[in-house]
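Novice: Take a look at this one; I'll ask things after.
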Amino acid sequence: STIAVAEMDEKLFLNPNIVKVVKDRLDNALYFSRSPIPNIQPDRVNKISFLKHIGLYAFRCEFLHRYPCLPESDLEKQESLEQLRVLEAGERIKIGIVNGPCYPGVDTPADLAALVKMMK
3 STIAVAEMDE KLFLNPNIVK VVKDRLDNAL YFSRSPIPNI QPDRVNKISF LKHIGLYAFR
63 CEFLHRYPCL PESDLEKQES LEQLRVLEAG ERIKIGIVNG PCYPGVDTPA DLAALVKMMK
């Protein structure tokens with residue numbers, strides 16, 4: 003399982019360093035992407051709403067023993083997202099929705115600089 007937060011910020015939506023996730027009605031992940039997902043129709047562009055993946059995982063011990071044996075998947079390589087290996091292997095990832103705001107992750111040098119500035 004992992005967590006996500008609902009967002010409406012277009013800048014975050016378009017940022018490839020922000021991982022987006024879409025889920026089914028049972029809260030299972032359907033897909034993770036660095037691209038803007040789900041697609042926003044032109045007539046709804048002022049109503050952006052998406053799930054921002056937080057990147058915190060909880061896996062069962064049994065699965066963690068199997069994960070290294072799973073082959074690296076094409077989608078994982080294309081998106082540079084290891085969780086896609088899990089989905090392509092037919093496993094489920096449950097998505098928990100947390101109430102925002104969530105502090106930003108530190109994924110790039112610019113993120114680190116922003117964090118240092120915020121801590122001063």
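Sequential numbering from 3 applies to the sequence shown in my numbering.
The beta-carbon is built from N, C-alpha and C at its ideal position, and this holds for glycine as well.
Note that the structure is predicted; figures quoted are calculated from it, not measured.
Does DSSP put residue 88 in a helix, a strand or coil?
Specialist: helix
Novice: In the DSSP assignment, find the unbroken beta strand (DSSP E) run with residue 60 in it and report its ends.
Specialist: First-last for residue 60: undefined, no H or E at that position.
Novice: Residue range of the beta strand (DSSP E) that residue 9 falls in?
Specialist: Residues 4-9.
Novice: Would you identify the three-state DSSP class for residue 33, choosing helix, strand or coil?
Specialist: strand
Novice: Cα separation between residue 68 and residue 101?
Specialist: 32 Å
Novice: Apart from the five residues on each side of it in sequence, which residues of its chain come closer than 8 Å, Cβ to Cβ, to residue 13?
Specialist: none
Novice: What residues are listed by DSSP as bridge partners for residue 102?
Specialist: Answer is none; residue 102 lacks a bridge partner.
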